[in-house]
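Step one of this worksheet: look at the structure below.
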Amino acid sequence: MVDFVPAQRVQALPPNFWGAMDREVLRLSAQPGARMIDVSKGNPDLPTPPHIVEAMQREVADPVHHRYPPYAGRRSLREAVVRRYRADHGVDLDPDEHVAVFHGSHEGFMAALLALVDPGTRVLLPDPGYPIYTSAVDLAGGVVVPLPLDAPAFQPDFAAVDHVDRASALVLNYPNNPTGALATRATFEQAVAFAERSGAAFVHDFAYSSLGFEGRRPLSALTVDPELSVSVEVQTLSKTYSMAGWRIGFAAGNASIIAAMRRYQSHAFSALFGATQEAAARALDGDQEVVHELVRVYERRRDLVVAGLRATGWDVSPPEGTFFVWVRLPDGGNAVEFARRLREEQRVAVAPGDGFGTRGRGWIRIGLVQDEATLQEMIERVNAFTRRN
Ligand SMILES: Cc1ncc(COP(=O)(O)O)c(C=O)c1O
281 MVDFVPAQRV QALPPNFWGA MDREVLRLSA QPGARMIDVS KGNPDLPTPP
331 HIVEAMQREV ADPVHHRYPP YAGRRSLREA VVRRYRADHG VDLDPDEHVA
381 VFHGSHEGFM AALLALVDPG TRVLLPDPGY PIYTSAVDLA GGVVVPLPLD
431 APAFQPDFAA VDHVDRASAL VLNYPNNPTG ALATRATFEQ AVAFAERSGA
481 AFVHDFAYSS LGFEGRRPLS ALTVDPELSV SVEVQTLSKT YSMAGWRIGF
531 AAGNASIIAA MRRYQSHAFS ALFGATQEAA ARALDGDQEV VHELVRVYER
581 RRDLVVAGLR ATGWDVSPPE GTFFVWVRLP DGGNAVEFAR RLREEQRVAV
631 APGDGFGTRG RGWIRIGLVQ DEATLQEMIE RVNAFTRRN
C-alpha cells in the first residue's frame, strides 16, 4: 500500500488543536467514574424548532429537490435573507447581486477568503479568534497579521496595525467567539476605514447574529457600510435556529465579493440540497419568538455560570452575547495544563484559550451548551477543583 504524502496545501494546515483534546475526552468518557461534562465546544444542544423540521419533512418529499439545485442557491432563500436583513437591521439588499448561500458559515468564510486572498498577501485576523480563520488563510497562502482584541472590551486595536499599508482581507467576528463581546459602531467604522485605505475586503463573521443579551441586538457590519462598498457578512442558521447539523448559512454584501464567492463555490462545492434551503427560508420568515426564547435560555445559563464562578472568587465578566463565557484563570496560569487536570480530575472539559491564538493564553472558554442542571454540576466540580489547588 502506498503511503501518500499530502499536497503542500494540506501539509501547511495547522494541527487541529481540538482533535487531540476530543480524543482525550472520548478516552476518559470510556473509563469508569463520573460522567464527562463537555463544555469545550460550541455545539448547540437544543433541538431545531418544530415548524422548521416540519417544513423540511414536506420539502424532502418534493421531487423538485431530487434534481440538481441551482448553483446560485434558491431565489426563495435569497429573498428570505433580504427580508430578514431589512427587518432586523434596516439594510436593503438585492437577492440576485448581494446574497449567496453556503453549507454553513464555515464554508461561507472559506469561500470568502479563497475568493479574495492571493498567496503572499496580508490578512488581518482577530487575536483571540475562531481557529478556522487561520486555516482559511493557510489554504489561500496568505500571511496572517494578528489584530489584538484586549480585555475588557475586546474591540480591535487598529493602532497595532497602523503600519499595514496593503492587505487583501480584514476579518472581524461579533458577537465574538471566544470572548462574548458585542461590536461597537466605532469598531465597524474603523474596520471600513481600514479596508478603504488598505484595499482590503472587510469580512465580518456574524455567526452569533441573534445572540445578544439584556435585549441588545448585535450590530450588522452592513449597517456601517450601507453602500456595500467594502464589506461582506457571513451568517449561519446553526446558532440562531439550533440547526448546526443541517449545514446551512449565507453571505451578504458587496456584489463583486459575492460574485467571486459564488464562482469559487460552484467549482469547489457545487450546490446545496434544495429542501434544506426551503426549510431555512421558513426559519428566516417564520415567527422569530423561537429566537427570543433561545436567547432567554442562553442568558439564564450565562447568569448561572457567572454567579457560580464568582461565588468561588473567580473574576468573571458576563458575556454580552454568544453562548460562551470567557474566563481568565485566577492565577493567570497555563490554560492547557489547567484544562488537562480539570478533565482528568473532575471530568469537566473546557477549551483552553491557547487554541484561539496568542492572546488566548491564560484564559478558558466555557460553552453554555448543556442544560442548567449539568452546568450547575459543572460549576460545583470546577469550584471543588479550585478549592483544592
Ligand atoms: C465564530 C464562528 N464562526 C463560524 C462558525 C461555523 O458555524 P457553521 O459552519 O455551523 O455555520 C462557528 C461555529 O462554532 C463560530 O463559532
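This note's numbering numbers the first residue of the sequence shown as 281 and each following residue consecutively. Every residue, glycine too, gets a C-beta built ideally from N, C-alpha and C.
- Under DSSP, Gln-515 takes part in a beta bridge, and its partners are Phe-530.
- Nearest Cα to Trp-298 within the set Ala-560, Ala-653, Leu-589 and Ala-619: Ala-619.
- Runs of beta strand (DSSP E) with 3 or more residues, each lying fully within the segment 384 to 422, are found at 402 to 407, listed in chain order.
- With 16 or more other Cβ atoms inside 10 Å of its own Cβ, Gln-435 counts as buried.
- Phe-493: not part of any beta strand (DSSP E); DSSP gives it neither H nor E.
- Per DSSP, reduced to three states, the secondary structure at Trp-594 is coil, with no helix or strand assignment.
- Not one heavy atom of ligand 1 lies closer than 8 Å to the C-beta of Thr-666.
- For ligand 1, no non-hydrogen atom lies closer than 8 Å to the CB of Asp-325.
- Along the length of the segment 581 to 644, whole beta strand (DSSP E) runs at least 3 residues long occupy 604 to 608, reported in chain order.
- Here Gln-557 is buried, its C-beta having at least 16 other C-beta atoms within 10 Å.
- Its Cα nearest to that of Tyr-544, the residue Phe-389 stands out among Phe-389, Val-371 and Arg-303.
- Judged by their CB atoms, Ala-555 and Glu-339 are nearer to each other than the 9 Å cut-off.
- Secondary structure note for Val-361: its alpha helix (DSSP H) is the uninterrupted segment 355 to 369.
- Per DSSP, Leu-508 is not a residue of any beta strand (DSSP E), being assigned neither H nor E.
- Residue range 535 to 548 is occupied by the alpha helix (DSSP H) that includes His-547.
- For the pair Leu-373 and Gly-633, the Cα-to-Cα distance works out to about 37 Å.
- Taking C-beta separations shorter than 6 Å and ignoring five residues to either side along the sequence, the partners of Pro-399 in its chain run Gly-421, following chain order.
- Taking a contact to require three or more Cβ pairs closer than 8 Å, the segment 457 to 472 and the segment 603 to 612 qualify as touching.
- Assigned with DSSP and collapsed to three states, Pro-426 falls in strand.
- Taking the Cβ of Ala-487 as the reference point, at least one heavy atom of ligand 1 falls within a distance shorter than 8 Å.
- The three-state reading of DSSP puts Ala-380 in strand, counting E and B together.
- Linking Leu-393 to Val-417 through their CA atoms gives a straight-line distance of about 7 Å.
- Within the same chain, and ignoring the five residues on either side of Ala-391 in sequence, the residues whose Cβ sits closer than 7 Å to its Cβ are Phe-382, Met-541, Tyr-544 and Gln-545.
- Taking the Cβ of Glu-387 as the reference point, at least one heavy atom of ligand 1 falls within a distance shorter than 8 Å.
- Taking the Cα positions, Gly-640 is about 37 Å away from Ile-332.
- Inter-residue distance for Val-319 and Ala-629 is about 6 Å (C-alpha atoms, whole angstroms).
- Taking every protein chain shown into account, the CB of Pro-324 has 16 or more other CB atoms within 10 angstroms, so this residue is buried.
- Counting along the chain, the unbroken beta strand (DSSP E) around Asp-485 starts and ends at 481 to 485.
- DSSP, read as helix, strand or coil, puts Asn-296 in coil.
- Within the chosen limit of 8 Å, ligand 1 does not reach the beta carbon of Arg-639 with any heavy atom.
- Residue side-chain check: Arg-527 places its Cβ nearer than 8 Å to a non-hydrogen atom of ligand 1.
- About 10 Å separates the beta carbon of Ala-615 from that of Leu-622, a gap too long to meet the 8 Å contact definition.
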